[in-house]
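First the structure, in the form of structure tokens, and then the observations on it.
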Amino acid sequence: MTFPRLSGSILAAALVWGTLAQAQQVVPPGDDGFRKYGEVGEWVVYVDIARGSCLIERAQDGRVVQMGLTADHRFGYVGVFAQIDTDLAQGETEEVFIEIDGMVFQSEVTGIKGNVTGGYNGGYVLANNPAFADAVANGRNMTVFPGNDGMFTVDLTGTKKAMEAARACNRAQLG
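What follows is the structure, encoded as structure tokens:
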């Protein structure tokens, strides 16, 4: 698979920064859905009732961005979804590169079709890399280079405060 928009130096940087975690856990909401916990700027904090964990969600530019923890809290995830058809089938995986303010990460994206609010499709990556979590929290923009679907950019404004609120929400679910 080639990524014509990526230069050799970006690809080399991706190898230096390492691969994000990969796991076989499904990220869509549990059967009981979400309950709103609060808001932080443009981000909404939700409790995934079935999983007993929290996530943040933001709608921007026709996309929905979600970040949270897997059911066992071992991995974080970032999902981006839109009301468009994607080439990535439900549960199918493909290589993806993610650039955040000059740092490049390589991972696998897993496709989701229609499992997100309003029939949105897209994908998510799982991560347990502290450098990735720090980059997401402190970054300004995240540019995603998925397979053949073209690149897109996600504004990360307010992400750090929203992630802190999600951590507090997770602690509240445990207590």
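When you line the sequence shown up against mature numbering (1 follows the signal peptide of the UniProt record, and there is no 0), it's residues -23 to -1, 1 to 152, in that order. Here a beta-carbon is modelled for each residue, glycine too, at the ideal position from N, C-alpha and C.
Between tyrosine 101 and valine 55 the beta-carbon gap is near 6 Å, inside 8 Å, which marks them as a contact.
If you check the CB distance, glutamate 71 and leucine 65 come in under 8 Å. In this structure the stretch 26 to 35 does not lie against the stretch 72 to 85, because fewer than three pairs of beta carbons, one per stretch, are closer than 8 Å.
If you draw a straight line from the Cα of alanine 145 to the Cα of valine 24, it is about 11 Å long. Just measuring C-alpha positions, the residue of Gly10, Gly96, Val42, Ala27 sitting nearest tryptophan 20 is Val42. Within the model, the alpha-carbon separation for histidine 50 versus glycine 127 is close to 31 Å.
The beta carbons of glutamine 60 and glycine 96 sit about 6 Å from each other, so the pair counts as a contact at 8 Å. Methionine 128: not part of any alpha helix (DSSP H); DSSP gives it neither H nor E. With respect to phenylalanine 52, leucine 133 sits apart: the two C-beta atoms are not nearer than 8 Å.
Under the 10 Å beta carbon count, proline 123 is surrounded by 16 or more other beta carbons and is classified as buried.
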